[in-house]
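Heads up, the thing below is written out as structure tokens.
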Amino acid sequence: MHELSIASSIVKTVLQEVENRNLKTVTLISLRIGALTDIVPDSLQFGFEVIKKDTLLAKTKLQIETLSVKGCCNNCKNSFEVVEFIFICPNCSSGDIDMNQGNELEIAYIEAED
Amino acid sequence: MPEKIAIEKKVLSENDKLAQELRNKFQENRIFVINLVSSPGSGKTSLLEKTVGLLHDKLNIALVAGDVQTENDADRLIKAGGKMVRPIVTGGSCHLDAQMIQKSIQKFDLENIDLFVIENVGNLVCPSSYDLGEDMKIVLISTTEGDDKPLKYPGMFRRSSVMVVNKTDLLGFSDFEINTVKANAKKINGQLEIFELSCRTGEGVSRWAEWLIEQVALKKQKI
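Just so you know, the sequences run in chain order S and H. Every letter in the first sequence is one number past the one before it in this note's numbering, and letter 65, counting from 1, is 65. Every letter in the second sequence is one number past the one before it in this note's numbering, and letter 131, counting from 1, is 131.
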């Protein structure tokens, strides 16, 4: 249950942006979360609701885009979608796989008024 | 009308920045750093007691032991012969973060450390998101757990470089199959190095200790 810490980092980062850019209100925060980050979107939403109270983001909505896990085989260079976190190349069965997507935990954009 | 503003920033960028500072500091001092993670009760502290016992006259080892409450683990490591041991009581937090590590190393003389061990809070989920400046994460699992654990916690097994299977003396007393856990772990992470040992009987522990000595030597050569 580290979603509360994550929510707190999100609020902190966005409040910093509000200050730096002299924004009045933020209506939306859009996140990009990779499927391998072990973050539960519902828990994160809940954490965000708790943390945002009494801040300038009290009315801000949180939008979460989940990214699937993608891998690239170091043996045959095949790029593929990793299903159920099994990192085995469907083409050559090699387990030597680089991960290209799935670790993201990023604030993509915000919607704001100044 | 609200305006869309691109941010493109990692949520944990502050932690990552601190972790990178730590990594640089460890590199300057050629310290090999491991972040030891597991479920509660797999035997992290037992493994470190054994490790300290075997290596304290060969390596300068510093340890920080994270727990939600109590300094019991740190006390055990001191009793086992650990000379540089600091507890980190998180007071509820389910993971260690880079800031806690930064605070904990202030009292250590980094120039005189070969191996730095971070014993994380017992949890296979939350610690995986937080970079602590380590060289590698090492995940510990024991034979009294399910052998499908790598499949249940893929994030942690994917991010780890080594898996240690503890309590091999209890193999046969549960449904845990050593070959199954190894196969499951390899499905998630084909590069995982695997050790099998028993902290209770000491079986396999010397191989683990020798490997640590090798890793410390490799780090000393790294420029």
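Built from N, CA and C at the ideal position, the CB exists for glycine as well. These numbers were taken from a predicted model, which means no experiment stands behind them.
_I want to see whether chain H comes within less than 8 Å of E65(S), judged by CB atoms only; does it?_
E65(S) does not count as touching chain H.
_Distance, P2(H) Cα to M84(H) Cα_ = Whole-angstrom Cα-Cα distance: 54 Å.
*Assuming P150(H) contacts A98(H) (C-beta within less than 8 Å), just tell me the rounded distance between them.*
About 26 Å; that fails the 8 Å criterion.
*If I'm right that G122(H) touches G41(H) with Cβ under 8 Å, what's the distance once you round it to whole angstroms?*
About 7 Å separates the beta carbons of G122(H) and G41(H), which is inside the 8 Å limit, making them a contact pair.
*asked:* Taking the straight line between their C-alpha atoms, what separation do you get for S94(S) and V162(H)?
replied: Each residue's alpha carbon lies about 19 Å from the other.
*Would you tell me roughly how many angstroms separate the C-alpha atoms of F250(H) and D38(S), rounded to the nearest one?*
The requested residue 250(H) is not part of the displayed model; chain H covers only 1 to 223.
*Which partner residues of N35(H) appear in the DSSP bridge assignment?*
BP columns for N35(H) point to I118(H) and K137(H).
*Using the C-alpha atoms, what's the distance from L22(H) back to Q102(H)?*
Those two C-alpha atoms are separated by around 7 Å.
*State yes or no: is the beta carbon of T60(S) nearer than 8 Å to at least one beta carbon in chain H?*
No, T60(S) does not count as interfacial toward chain H.
*Please classify E65(S): does DSSP put it in a helix, a strand, or coil?*
Correct three-state label for E65(S): strand.
*If we call anything under 8 Å between Cβ atoms a contact, is I33(S) one with Q63(S)?*
Cβ distance not < 8 Å, so I33(S) and Q63(S) don't count as in contact.
*Euclidean distance between Cα positions of L36(S) and A6(H)*: For L36(S) and A6(H), the distance between alpha carbons rounds to 24 Å.
_Quick test of your reading: Q69(H) and V89(H), contact by CB under 8 Å. State the CB separation rounded to the nearest angstrom._
Rounded to the nearest angstrom, the Cβ distance from Q69(H) to V89(H) is 6 Å, consistent with a contact under 8 Å.
*Would you tell me roughly how many angstroms separate the C-alpha atoms of Q191(H) and L54(H), rounded to the nearest one?*
Across the structure, Q191(H) and L54(H) are spaced so that their CA atoms are roughly 27 Å apart.
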